[in-house]
Ligand code: FES
Ligand code: FES
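Chains as they are written, first to last, in UniProt numbering: chain A, 1 to 157; chain B, 1 to 766.
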């Protein structure tokens, strides 16, 4: 089948898609956007998190057909050209990235949190990121990164 | 001071700073190419058929139905292994594809290449194998019985290795107070996030280029070459982006399979494991049964320790022998014990193969000896930290192997640091649900919740031990580009997330005083760097890079002396300039170099270690010891057995923090994995069959499970190590587990002799 989606602001089409393919598979293998990661394909790890019609979703759990006509924003769509989004910059600056496999999903989830809640408390940050597993960092610097992104956002608005 | 001891520093981003990772920007942009992201226009997808049986004889394999599926390009079995159908890290005992018998559930039997991953999987499912199912050996004690089925007849018995250690006179030693205990450690999984994957590309010269996520390129290369029956130089390995490792990438997974399929089809072949397959695709942490007896004087001085440890190595040897060596040599912990007897066994069973995982034998032992130290403290009526401090090793202490600790070993100080930190605030009367055991499941509002505090300290060896020739190779080149000096550092060392790429550049900046450093992609075109394991890369590859840089610097100063016609003595390279005290700045480095480039390749070794005496277990087996201590504070809902870890404090001596931020990252991450083993992580195996191969059923800590951490880093230089550094990655994983369990014991009064602790162990509904 054919699937049409808007990805990071561009209209994209994938042909010969099997009905069993997920949105994650289409993004990664058919549209060349490998930024979203597959670490479980079961909705447990959050590595595949993308915005689908403005709401973060595990793209491994979305059948490609379900995304037909949808608007998708992936980690590749967070930066503005060469300028990193402040969430991305904060992850870099605090050392919240080790292997980085969890990073794309965490960035989308953290980006969404700060959009919805410009001043999240620590428990709110933890709750918002509870669906994103990281095996390397123990989450301490991920907390630092989100707090820093919040501070920076508050400083500029 | 000789010139080789001078620092060329004064550029930013050198040793002791925390510059941003060079791969950081691409990682946050989603543009970093992990091994599972690789793609070629005409590539095929591989899939692996694995046996469902823990132990069975293969009567026949019929691939005809699989071949009929459109899109299938190859179906290969053991008959198609071009070279030797055997591999293994220490003892080659594992087939690339099973031929006559399968020895564990999930052992690969056949492989398929097809034009779509789903086609490959479906074809694999159509392969028909006739098995004669055999009775598996699943109990590690039973495996050692004289009448047990011997799983590897060539080996003679199911004991992979027995490590005895005898120190002092344990048989006649007597003590005022004696405590004994039996402990059990479940099977933990490394659960890295980036699954096993890689891409094999056939090359024009008949060789293969393999792009893969691994911990040690050269040991993979050697094993692949043997299995493919090809000369080593025809198998070129390139490190693809690695999504975490923690030991799980030391053994081969898809490497040979992808190369076989690529060679057979003449096309690039990609293999990516899913999460379930990943649980079968790598070795795990050895489950352990530990029996300890501790004897002490009534004022709390250890008199003797006797222990028997049995590690279940599963179906193939992997690194079981070395894990047993670690568990034994570190078996009494960082304590001075005059009389010791240790018997540690690593055994074959039909359970999943076990091998390297962060902590490597030291984790299991630490749960045993630290549980015992708490038990002993209780028997003596003594404070558990005080008891530990009274027996703590320090520099000059003698270990049970007879090895003298010859660099700082501040065990007492680390314990005091975590003890003396202020405790976290008491739980608020109206606590946020998210701060309570059970969290937003809303199982309690504080009723039945008790707080406990626990302590532990652990010890780890750094680097490969027992006489292993442990070295790394670095190639460092200095050149000028548009008049600006640039350093290129090339090693085969695997960046697995820990930040080794950053560290190599830092060392080059410090040694050569050049700001621009490019760390080249790791591959086998340069000599081996050894494994990214055993907390060894900062030490060994760091040492190699430093030495290569120093040789380059000496060559630059020779060149300057010659070109400028000045005396060599007194010349310095600093901040991109050649200078001397006498003449001041003589020339810019870029200008001196012009079109000359200077390159040095160095193979660097740490001081040698020695094998253990096979009867007494005596010997200087380790190059360096590393220590960390933890304090855990937990809240436990004693009615439901639910646990909330409130805070974890850690103190660790790192010798020298080459990159302080990366050091903290290792301590945080290692501590989290230790928490996981304490309260949630276990591969549940029954009858040799894995019951929970998914992230739905195998739980690793989330951001809600991890508490805030307080960390103290000591930097007491080890005079034998580059910059005085001490390996960092493993120690925090070792002590966090027993500290958490001790805190749960303090909250509940339960004995808790098995990890992970489950709710029913607390409520006794078991
Ligand atoms: S890959 Fe989608 S949640 Fe894990
Ligand atoms: S940085 Fe490796 S999984 Fe998060």
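Just so it is clear, CB atoms sit at the ideal spot from N, CA and C, and this is done for glycine as well.
Predicted, not measured: the structure shown is a model, and the values here were computed from it.
Open item on the list: Less than 9 Å between the beta carbons of residue 537 (chain B) and residue 666 (chain B), yes or no?
Closed with: When the beta-carbon positions are compared, residue 537 (chain B) and residue 666 (chain B) stay at least 9 Å from each other.
Open item on the list: Between which two residues does the beta strand (DSSP E) holding residue 652 (chain B) run?
Closed with: First-last of the beta strand (DSSP E) with residue 652 (chain B): 642-653.
Task: Contact with chain B by residue 88 (chain A), beta-carbon distance below 9 Å - done: The beta carbon of residue 88 (chain A) falls within 9 Å of a beta carbon belonging to chain B, placing the residue at that interface.
TODO: Identify, in the order they occur along the chain, each residue of the same chain with its Cβ nearer than 6 Å to the Cβ of residue 117 (chain B), setting aside the five sequence neighbours on each side.
DONE: Taken in chain order, the residues that qualify are 45.
Open item on the list: At a cut-off of 8 Å, would you count residue 68 (chain B) as near ligand 4, judging by its Cβ distance to the nearest heavy atom?
Closed with: Among the ligands in the structure shown, ligand 4 does not appear; only ligand 1 and ligand 2 can be found there.
Open item on the list: Please state whether the Cβ-Cβ distance between residue 719 (chain B) and residue 626 (chain B) is less than 9 Å.
Closed with: No. Outside cutoff.
Task: Among A:112, A:7, A:123, the one whose alpha carbon lies nearest that of residue 26 (chain A) - done: For residue 26 (chain A), the nearest C-alpha among the options comes from A:7.
TODO: For residue 126 (chain B), I'd like the list of residues in its chain whose CB is within less than 6 Å of its CB, leaving aside the five on either flank, ordered along the chain.
DONE: Sequence-distant Cβ neighbours of residue 126 (chain B) in its own chain, meaning closer than 6 Å and more than five residues away, are 65, 66.
TODO: Take every Cβ of the stretch 480-500 of chain B, pair it with every Cβ of the stretch 418-427 of chain B, and state whether three or more of those distances are shorter than 8 Å.
DONE: Result no; under three Cβ-Cβ pairs closer than 8 Å.
Open item on the list: Quick check on residue 146 (chain B): buried or exposed, where buried means 16 or more other Cβ atoms within 10 Å of its Cβ?
Closed with: So residue 146 (chain B) counts as exposed.
TODO: Kindly indicate if chain B contains any beta-carbon less than 9 Å away from that of residue 93 (chain A).
DONE: Yes, because at least one Cβ of chain B sits closer than 9 Å to the Cβ of residue 93 (chain A).
Task: C-alpha distance - residue 43 (chain A) paired with residue 24 (chain A), whole-angstrom precision - done: Cα to Cα, the separation comes out at about 11 Å.
Open item on the list: I want to check one thing, is the minimum distance from the CB of residue 99 (chain A) to the heavy atoms of ligand 1 below 8 Å?
Closed with: Relative to ligand 1, residue 99 (chain A) has its C-beta separated by 8 Å or more from all heavy atoms.
Open item on the list: For residue 87 (chain B) and residue 101 (chain B), which I take to be in contact (beta-carbon distance under 8 Å), what is that distance rounded to the nearest angstrom?
Closed with: Residue 87 (chain B) to residue 101 (chain B), Cβ: 16 Å. No contact.
TODO: Could you tell me whether any non-hydrogen atom of ligand 2 is closer than 8 Å to the CB of residue 137 (chain A)?
DONE: At least one heavy atom of ligand 2 is nearer than 8 Å to the Cβ of residue 137 (chain A), so yes.
- [ ] From the DSSP output, in three-state form, read off residue 152 (chain A) for me.
- [x] DSSP places residue 152 (chain A) in the helix class (H, G or I) of the three-state scheme.
- [ ] Provide the residue(s) that pair with residue 129 (chain B) in DSSP beta bridges, ordered along the chain.
- [x] BP columns for residue 129 (chain B) point to B:61.
Open item on the list: Mapping the DSSP letters down to three states, classify residue 354 (chain B) as helix, strand or coil.
Closed with: When DSSP states are grouped into helix, strand and coil, residue 354 (chain B) belongs to the strand group.
Open item on the list: Residues of chain A with CB closer than 7 Å to the CB of residue 700 (chain B), please, in chain order.
Closed with: Result: 133, 135.
TODO: Compare the C-beta of residue 51 (chain A) with all C-beta atoms of chain B and state if any pair is closer than 9 Å.
DONE: Closer than 9 Å: no.
- [ ] Just tell me which of B:25, B:733, B:707, B:290 has its CA closest to the CA of residue 456 (chain B).
- [x] The shortest Cα separation from residue 456 (chain B) among B:25, B:733, B:707, B:290 belongs to B:733.
- [ ] Look at the alpha carbon of residue 112 (chain A) and the alpha carbon of residue 763 (chain B), and state the distance between them as a whole number of angstroms.
- [x] CA-CA distance, residue 112 (chain A) to residue 763 (chain B), rounds to 40 Å.
- [ ] Taking only heavy atoms of ligand 1 into account, decide whether any of them is closer than 8 Å to the Cβ of residue 61 (chain A).
- [x] The beta carbon of residue 61 (chain A) sits closer than 8 Å to at least one heavy atom of ligand 1.
- [ ] Identify, in the order they occur along the chain, each residue of the same chain with its Cβ nearer than 7 Å to the Cβ of residue 332 (chain B), setting aside the five sequence neighbours on each side.
- [x] Taking C-beta separations shorter than 7 Å and ignoring five residues to either side along the sequence, the partners of residue 332 (chain B) in its chain run 305, 340, 369, 400, following chain order.
Task: Residue span of the alpha helix (DSSP H) that contains residue 500 (chain B), given as start and end - done: Note, residue 500 (chain B): alpha helix (DSSP H), 500-512.
Task: Length of the line joining the Cα atoms of residue 80 (chain B) and residue 16 (chain A) - done: One C-alpha to the other measures close to 33 Å.
Task: Three-way DSSP call (helix, strand, coil) for residue 3 (chain B) in this model - done: Because the pLDDT at residue 3 (chain B) is just 36, under 50, the model does not fix this residue reliably, and the value given afterwards should be weighed accordingly. Here residue 3 (chain B) sits in helix by DSSP.
Task: Buried versus exposed call for residue 1 (chain B) [16 or more other C-beta atoms within 10 Å across all chains shown] - done: Low confidence applies here, because residue 1 (chain B) scores a pLDDT of 33, under 50, leaving its location unreliable and the question unanswered by this model.
TODO: Throw me the rounded Cβ distance for the residue 47 (chain B) and residue 121 (chain B) pair, which I believe falls under 8 Å.
DONE: Contact holds; Cβ gap of about 5 Å.
TODO: List the endpoints of the continuous beta strand (DSSP E) containing residue 580 (chain B).
DONE: Counting along the chain, the beta strand (DSSP E) containing residue 580 (chain B) begins and ends at 577-580.
Task: Rounded straight-line distance, which links the Cα of residue 521 (chain B) to that of residue 4 (chain B) - done: At residue 4 (chain B) the pLDDT is 37, less than 50, meaning the model places this residue with poor confidence and gives no usable figure here.
Task: Nearest-angstrom Cα separation, counted from residue 700 (chain B) out to residue 275 (chain B) - done: Our two residues, residue 275 (chain B) and residue 700 (chain B), have alpha carbons roughly 13 Å apart in a direct line.
TODO: State yes or no: is the C-beta of residue 670 (chain B) within less than 9 Å of the C-beta of residue 574 (chain B)?
DONE: No.
- [ ] Return the chain-ordered list of same chain residues with a C-beta closer than 7 Å to the C-beta of residue 801 (chain B), the five sequence neighbours on each side being excluded.
- [x] The displayed coordinates of chain B run from 1 to 766. Any statement about residue 801 (chain B) would go beyond what the structure contains.
- [ ] Compute the distance between the beta-carbons of residue 366 (chain B) and residue 738 (chain B), then report whether it is under 9 Å.
- [x] It is a contact, given that the beta carbons lie within the stated cut-off.
TODO: Measure from the alpha carbon of residue 281 (chain B) to the alpha carbon of each residue in B:156, B:321, B:107, then state which is nearest.
DONE: It is B:107 whose Cα lies nearest to the Cα of residue 281 (chain B).
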